[in-house]
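Numbering (the working numbering), first residue to last: 19 to 122.
By construction, the Cβ of each residue, glycine as well, lies at the ideal position given by its N, Cα and C atoms.
All of these numbers come straight from a predicted model, not from anything done at the bench.
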């Protein structure tokens, strides 16, 4: 029988302009010292700037495609075998790869 408490996930924060969880997570990544309104202005300005040249493509599509291109598929982790440490390539989980893609 499990002794640990069940971990409940919080509902994702969506941004007010696009109502998208991806943009909400990006705003949270950009935010420093709890200044959410500043990070919203930065992210929205970047999305508007990326959308300036193209009127046909949805700005949200540009953002999701950019994050998809930045996502890593494989990462290396250190494994100690005997006295030697080896770099072992491992497949990255979907949520971790999206988080890493947003950081890059």
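Cβ-based burial, residue i [other Cβ within 10 Å; buried from 16]
{"i": "residue 77", "result": "buried"}
{"i": "residue 41", "result": "buried"}
{"i": "residue 115", "result": "buried"}
{"i": "residue 75", "result": "exposed"}
DSSP beta-bridge partners of residue i
{"i": "residue 107", "result": "94"}
Candidates the options: closest to residue i by CA position
{"i": "residue 58", "options": "43, 23, 116", "result": "43"}
{"i": "residue 88", "options": "60, 117, 33, 102", "result": "117"}
{"i": "residue 86", "options": "122, 48, 46, 45", "result": "122"}
{"i": "residue 91", "options": "119, 56, 23", "result": "119"}
{"i": "residue 31", "options": "25, 45, 100", "result": "45"}
{"i": "residue 60", "options": "83, 105, 47", "result": "47"}
- request: Could you tell me whether the region 94 to 108 touches the region 55 to 73, using the rule of 3 or more Cβ pairs below 8 Å?
  value: no
message: At 3 residues or longer, what runs of the beta strand (DSSP E) sit wholly inside the region 57 to 101?
response: 92 to 99
- prompt: Are the region 108 to 115 and the region 31 to 48 touching, with three or more C-beta to C-beta distances below 8 Å?
  reply: no
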